[in-house]
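Engineer: Just so we're aligned: 278 in this note's numbering is position 15 of the sequence shown, and the numbers increase by one with no gaps anywhere.
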Amino acid sequence: MNEKIVIVPCSGIGKTYGTVSREAAYEVIEELRPESAQLVPLSMLVLGEENARAAVAASPAITIDGCKLACATKMVQESGGTIAQDFAVLDVFRRNRKLKPQGIAELNEGGQQLAHALAEEVAAVVDKLNGKVETGDEKLRSSAPCF
């Protein structure tokens, strides 16, 4: 697959779960999967920015929502995108209750760890969408032909 997977995080400015969403997205695109994932800011979709809309229309999208309003997911769909996987920070928190996020401009240790756990889950979906399967220490490519 030559196109990068699009990641659209929540833009819940001033909300802890929105910050967790964005931090997880940044970790995926900057550290975990920079070669295979790209960020599309939710604000650009809301504004109808042409390049953002084209990116979500051309590639599978992973959305990360900070609350039940699911703005990222809804906006990708309204922009003509296909949601490959949607994540809710609250669901990840429920699986990791010991990681209690606090803070907005700067997350506490629990928030940083929750963002990291979320980023790992998102990275695994990026790998799946790109046809990679991890087994032990090796990564196997799918049997799809390379061009």
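Every residue, glycine too, gets a C-beta built ideally from N, C-alpha and C.
Within 10 Å of its beta-carbon, does leucine 332 have 16 or more other beta-carbons around it, so buried, or fewer, so exposed?
Structural biologist: Residue numbering aside, residue 332 sits at position 69 when the sequence shown is read from its first letter. Exposed, since its Cβ has fewer than 16 Cβ neighbours within 10 Å.
Engineer: Secondary structure at cysteine 409, three-state DSSP: helix, strand or coil?
Structural biologist: As a first step, residue 409 must be located in the sequence shown, where it is residue number 146. Residue placement at cysteine 409 is poorly supported in this model, since its pLDDT is 34, which falls under 50; the coordinates are not used for a value here.
Engineer: Taking 8 Å as the limit between beta carbons, can you name the residues of its chain near glycine 399, skipping five residues before and five after?
Structural biologist: Within the sequence shown, numbered from 1, the residue matching residue 399 stands at position 136. At glycine 399 the pLDDT is 45, less than 50, meaning the model places this residue with poor confidence and gives no usable figure here.
Engineer: Quick check: the Cα distance between alanine 320 and glutamate 383, rounded to an integer number of angstroms?
Structural biologist: Counting from one through the sequence shown, the residue named residue 320 turns up at place 57. Counting from one through the sequence shown, the residue named residue 383 turns up at place 120. Distance between the alpha carbons of alanine 320 and glutamate 383: 25 Å.
Engineer: Select from Cys334, Arg296, Glu294 the residue whose C-alpha is nearest the C-alpha of tyrosine 280.
Structural biologist: Translated into the one-based positions of the sequence shown, residue 280 becomes position 17. When only C-alpha atoms are compared, the closest one is Cys334.
Engineer: Whole angstroms is fine: what's the gap from glutamate 266's alpha carbon to proline 323's?
Structural biologist: As a working note, residue 266 is residue 3 in the sequence shown. As a working note, residue 323 is residue 60 in the sequence shown. Roughly 9 Å separates the two Cα atoms.
Engineer: Determine, using beta carbons only, whether cysteine 273 and glycine 343 come nearer to each other than 8 Å.
Structural biologist: Here residue 273 corresponds to residue number 10 of the sequence shown, with the count starting at 1. Here residue 343 corresponds to residue number 80 of the sequence shown, with the count starting at 1. For cysteine 273 and glycine 343, no; Cβs fall outside 8 Å.
Engineer: Of the residues Lys278, Pro297, Ala387, which one's Cα is nearest the Cα of glutamine 348?
Structural biologist: Stepping through the sequence shown from its first residue, residue 348 is reached at position 85. Nearest C-alpha to glutamine 348: Ala387.
Engineer: Can you say whether threonine 336 is buried or exposed, counting buried as having 16 or more other CB atoms within 10 angstroms of its CB?
Structural biologist: Taking the first residue of the sequence shown as 1, we reach residue 336 at position 73. The residue in question, threonine 336, is buried, as its Cβ has 16 or more Cβ neighbours within 10 Å.
Engineer: Leaving aside the five residues before and after asparagine 314 along the sequence, list all residues of the same chain whose C-beta is less than 8 Å from its C-beta, in chain order.
Structural biologist: Taking the first residue of the sequence shown as position 1, residue 314 is located at position 51. Closer than 8 Å at the Cβ level, and outside the excluded window around asparagine 314, lie Met307.
Engineer: Quick check on the DSSP output: the alpha helix (DSSP H) that includes glutamine 375 runs from which residue to which?
Structural biologist: As a first step, residue 375 must be located in the sequence shown, where it is residue number 112. Per DSSP, glutamine 375 belongs to the alpha helix (DSSP H) from 372-392.
Engineer: By DSSP, does lysine 395 sit in helix, in strand, or in coil?
Structural biologist: On the sequence shown, residue 395 is found 132 positions in, with the first residue counted as 1. The answer is strand: DSSP assigns lysine 395 an E or B state.
Engineer: Please determine, among Ala287, Lys391, Asn393, the residue with the shortest C-alpha to C-alpha distance to phenylalanine 356.
Structural biologist: Counting from 1 along the sequence shown, the entry for residue 356 is found at position 93. Of the listed residues, the one whose Cα sits closest to phenylalanine 356 is Ala287.
Engineer: So, helix, strand or coil for isoleucine 292, using DSSP?
Structural biologist: Sequence index remark: in the sequence shown, residue 292 carries index 29 (1-based). Helix.
Engineer: For a test of the three-state rule: what should DSSP assign to valine 303, helix, strand or coil?
Structural biologist: Here residue 303 is taken as the residue at index 40 of the sequence shown, counted from 1. Note: valine 303 maps to coil in three-state DSSP.
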